[in-house]
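In my numbering, the protein residues as written are 0 to 266. Don't be surprised by glycine CBs; every beta carbon is placed ideally from N, CA and C.
As structure tokens, this is what we get:
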């Protein structure tokens with residue numbers, strides 16, 4: 000009888016130990032699963048941060064000469080982007096009209112900015128649907144200058160425009176779009192509010208037409224010469240309505256503007 004009791008105690012102890020072991024392994028497996036999830040999450044976040052830190056490249060979009068696409072050099076695109084960003088706040092909107100290489104430069108600059116810093120809203124008006132991969136893309140055809148989402152009217156504080164063709168028709172249509180996008184003075188600030196900061200890049204031959212179309216903006220010819228990545232035979236000018244340490248004012252050459260010439264210019 001004594002031996003039988005000892006065997007019962009041993010069997011009882013073994014059952015308790017087994018239960019404890021089962022609980023231990025269950026908790027260990029649960030912790031391992033939790034760690035694996037955290038590790039996967041960390042790796043995903045790291046991959047996402049790496050992807051964000053890798054600069055976008057306009058070279059991913061092959062120029063289409065039939066669409067008058069000539070991208071700016073990285074230096075020019077970055078320079079123009081910085082002029083637009085200077086002094087912006089989170090409540091501002093920058094519109095990029097037919098100048099996708101400047102848009103890419105803006106995206107790159109903003110992606111490296113401090114997370115706590117004020118970032119303006121971007122909107123890209125562009126005819127090339129390849130750029131629809133960006134959420135800021137809005138399809139734009141200069142032949143229908145006001146066929147745009149109604150919520151964009153009068154919302155833009157900074158605008159850069161590079162009309163795709165060197166003729167008066169295209170320049171005029173683009174100017175209609177720019178004026179429609181431009182934020183009007185508020186009732187409080189009235190005449191004391193400055194015009195939206197505007198940059199127009201187009202051919203030298205368009206100087207007279209451009210300065211006339213944007214007379215109300217106070218647009219003038221700068222001495223900054225935009226450079227295209229693959230060169231461009233047309234002499235290209237940068238026009239603006241604000242001063243910058245990056246440029247001075249060029250003497251007017253309005254007498255040299257030519258009649259409309261269909262040549263590739265879009266940046």
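task: Would you kindly check if the distance between the Cβ of residue 212 and the Cβ of residue 158 is under 8 Å?
output: Position 159 of the chain shown holds residue 158. Position 213 of the chain shown holds residue 212. The answer is no: Cβ separation not under 8 Å.
- prompt: Taking just the CA atoms, how far does residue 118 sit from residue 208?
  reply: For the purposes of this step, residue 208 is taken as residue 209 along the chain shown, with counting starting at 1. For the purposes of this step, residue 118 is taken as residue 119 along the chain shown, with counting starting at 1. Going by C-alpha positions, residue 208 is about 34 Å away from residue 118.
task: Could you please give me the residues that DSSP links to residue 219 through a beta bridge?
output: The residue you call residue 219 lines up with position 220 of the chain shown. For residue 219, which the question treats as bridged, DSSP gives the partners 239.
query: alpha helix (DSSP H) containing residue 74: first to last residue?
result: Your numbering for residue 74 matches position 75 in the chain shown. First-last of the alpha helix (DSSP H) with residue 74: 73-84.
message: I need the straight-line Cα distance from residue 200 to residue 163, nearest angstrom please.
response: Taking the first residue of the chain shown as 1, we reach residue 200 at position 201. Taking the first residue of the chain shown as 1, we reach residue 163 at position 164. So the two alpha carbons sit approximately 10 Å from each other.
query: Quick one: Cα of residue 131 to Cα of residue 20, how far?
result: Position 132 of the chain shown, counting from 1, holds the residue named residue 131. Position 21 of the chain shown, counting from 1, holds the residue named residue 20. A straight line joining the alpha-carbon of residue 131 with that of residue 20 spans about 57 Å.
Whole-number beta carbon distance between residue 122 and residue 266, since they are thought to touch under 8 Å: Position 267 of the chain shown, counted from the first residue, corresponds to residue 266. Position 123 of the chain shown, counted from the first residue, corresponds to residue 122. Residue 266 to residue 122, Cβ: 17 Å. No contact.
- request: Quick one: grab the DSSP three-state call for residue 207.
  value: In the chain shown, counting from the first residue as 1, residue 207 sits at position 208. Looking at residue 207 - three-state DSSP - the assignment turns out to be helix.
- request: Under the assumption that residue 155 contacts residue 181 (Cβ atoms under 8 Å), give the Cβ distance between them as a whole number of angstroms.
  value: If you number the chain shown from 1, residue 155 lands on position 156. If you number the chain shown from 1, residue 181 lands on position 182. Yes, they are in contact, since the Cβ atoms of residue 155 and residue 181 sit about 6 Å apart, within 8 Å.
task: Could you tell me the distance, in whole angstroms, from the CA atom of residue 259 to the CA atom of residue 214?
output: The count along the chain shown starts at 1 and reaches residue 259 at position 260. The count along the chain shown starts at 1 and reaches residue 214 at position 215. Residue placement at residue 259 is flagged as unreliable, the pLDDT there being 36, under the threshold of 50; the coordinate-derived value follows with that caveat. Residue 259 and residue 214: Cα-Cα distance of roughly 20 Å.
field: Span of the alpha helix (DSSP H), counted from its first residue to its last, around residue 104
entry: Here residue 104 corresponds to residue number 105 of the chain shown, with the count starting at 1. Boundaries of the alpha helix (DSSP H) around residue 104: 99-110.
task: Report yes or no: do three or more beta-carbon pairs, one from the segment 236-249 and one from the segment 216-225, lie closer than 8 Å?
output: Judged by pairs of C-beta atoms under 8 Å, the segment 236-249 touches the segment 216-225, as three or more such pairs exist.
- prompt: Would you call the CB atoms of residue 202 and residue 233 closer than 8 Å?
  reply: Locating residue 202 in the chain shown gives position 203, where the first residue counts as 1. Locating residue 233 in the chain shown gives position 234, where the first residue counts as 1. For the 8 Å CB-CB criterion, residue 202 and residue 233 form a contact.
- request: Sort 236, 229, 242, 235 by Cα distance to residue 273 and report the nearest one.
  value: Given a span of 0 to 266 for the chain in the structure shown, any question on residue 273 remains unanswerable.
query: Where DSSP assigns a beta bridge to residue 158, which residues make up the other side?
result: Within the chain shown, residue 158 is the residue found at index 159, counting from 1. Residue 158 pairs with 94, 197.
query: What are the start and end residues of the beta strand (DSSP E) that includes residue 120?
result: The count along the chain shown starts at 1 and reaches residue 120 at position 121. Note, residue 120: beta strand (DSSP E), 120-125.
message: Can you look up residue 137 in the DSSP assignment and give me helix, strand or coil?
response: Residue mapping note: residue 137 aligns to position 138 of the chain shown, counting from 1. In the structure shown, residue 137 sits in a strand (DSSP, three-state: E or B).
query: Where does residue 270 sit, in a helix, a strand or coil, going by DSSP?
result: The structure shown has nothing for residue 270, since the chain only spans 0 to 266.
message: What would DSSP say about residue 113, mapped onto helix, strand or coil?
response: Numbered from 1 along the chain shown, position 114 holds the residue referred to as residue 113. DSSP places residue 113 in coil when its eight states are reduced to three.
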